[in-house]
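As structure tokens, the structure follows; a few thoughts come after it.
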Ligand SMILES: [Zn+2]
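Numbering (the numbering used here), first residue to last: 138 to 247.
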């Protein structure tokens, strides 16, 4: 028995452990979901397999968080570049920041 780390249907390695249920002293039945083909399956795992699943999940989470932070930084830099260019071309004025009062539609056409 080894930790199930690949979807048997599509080969994705992003299987997500959802629920688990102890079956005996060293066997845990884990419900897994494949986010790529939406397959749900149950597979028996040992405690050591569970530690491997936990380790992989923590590793993938760290990867997602670091990619997310990199993308946010890139996006903010792109916005700052646009802002800088708009200011240099004098395309921004106080009018761009006017707060428009909410229109009262109950009063009908003016
Ligand atoms: Zn799959």
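Beta carbons: idealized from backbone N, C-alpha and C, even for Gly.
For the set 202, 193, 182, 212, the Cα lying nearest the Cα of residue 160 is the one of 182. One Cα belongs to residue 222, the other to residue 193, and the distance between them is close to 44 Å. Within the same chain, 142, 143 come within 7 Å of residue 150 by CB-CB distance, once the 5 residues on both sides are set aside. Residue environment analysis places residue 219 among the exposed positions, since fewer than 16 neighbouring C-beta atoms fall within 10 angstroms of its C-beta. Sorting 188, 189, 146 by C-alpha distance to the C-alpha of residue 178 places 146 at the top. With a minimum length of 3 residues, the unbroken runs of beta strand (DSSP E) contained wholly in the region 166-227 fall at 177-183. Distances from the alpha-carbon of residue 190 to those of 168, 231, 240, 175 put 168 closest.
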